[in-house]
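Here the structure is laid out as structure tokens; the discussion comes afterwards.
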Amino acid sequence: MKLCVALDLPSEKENISLARSLKDCDVWLKVGLRSFVRDGKNIVNELKGINNNFKIFLDLKLYDIPNTMADAAESMAELGVEMFNVHASSGKIAMKMVMDRLKEMKNRPIVLSVTALTSFDESGFWAVYNQSIQEKALSFAKDTYESGMDGVVCSVYESLMIKEHTSGGFLTLTPGIRPFGSEEKDDQKRVADIKAANENKCDFIVVGRPIYHAKNPLAAVEDIVNSINALK
Ligand code: C5P
């Protein structure tokens, strides 16, 4: 299991300074909507400039018509990021077209789809999708698997079930992690800790606010990485 640190801070300067403090840590970095819209594609080079071994997850959650998604996927892959994602609700035709567009690339990024956002509780999810989280997340995951993608974004509570119904090698990346047990949930609903993520065979955990809100963000990251290593 790998830790992916979300760079969602209020300014580019703060994101860069957090990344610099983590330059010797074995972590992935997540560039999300806030940073990409504000700071532009050069943020990827800046982060790689800090440590070329940093792996970058571009979390833009594409949702559009198939051709537009495939065009955008190609552009994201050309930025040299190691992972990006789309919404599974964009459908199998769009997801297949994305993967088809990347198939000629030598080192294509890992591609995930978002199933059910971790900020949804059951009633909020039902209002949009008319189905339970477990049922719909699983059907989205099967669509994603059949489209040739590498895995899904889901909560810890769907991870194991998704692997059992697709393949053990089908990746799960789980936000909504509150590693220290005492933090605020913020807008997340389906939260879990590191032990639960490990028991549910999550491949990546994403952590943002519990790191920035810690007195010492580097120490918080080191704590999380040590806890992950202790589980091995
Ligand atoms: O601060 P926190 O740890 O809640 O951050 C979680 C990060 O993961 C945010 O950047 C959020 O955009 C992202 N994310 C999520 N749920 C998803 C997909 C991504 O929370 N399903």
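Adding 2 to a residue's 1-based position in the sequence shown gives its number in my numbering. By construction, the Cβ of each residue, glycine as well, lies at the ideal position given by its N, Cα and C atoms.
Kindly indicate the opening and closing residues of the alpha helix (DSSP H) around G51.
N44 to I52
Three CB pairs or more closer than 8 Å across the stretch 86 to 97 and the stretch 30 to 38:
no
Can you round the beta-carbon distance between A199 and I213 to whole angstroms, since I take them to be within the 8 Å contact cut?
Between I213 and A199 the Cβ distance is about 15 Å, and since that is not below 8 Å, they are no contact.
Smallest Cα separation from L119: which of L5, E16, C156 and K25?
C156
Report the rounded CA-to-CA distance for K234 versus I196, giving the unit in angstroms.
12 Å
For S13, which of D28, M78, L114 and R36 has the nearest alpha-carbon?
R36
Contacting residues, own chain, Cβ-Cβ under 7 Å from G183 (five flanking each side not counted)
D195
Okay, do the stretch 171 to 188 and the stretch 131 to 142 touch, 3+ Cβ pairs below 8 Å being the bar?
no
Residue range of the unbroken beta strand (DSSP E) whose run includes H167
Run containing H167: none in the beta strand (DSSP E); it sits in the alpha helix (DSSP H), V158 to H167.
What does a CB cutoff of less than 7 Å around D26 pick up in its chain, not counting 5 residues either side in sequence?
none
Do you know how far the Cα of E166 is from the Cα of E80?
33 Å
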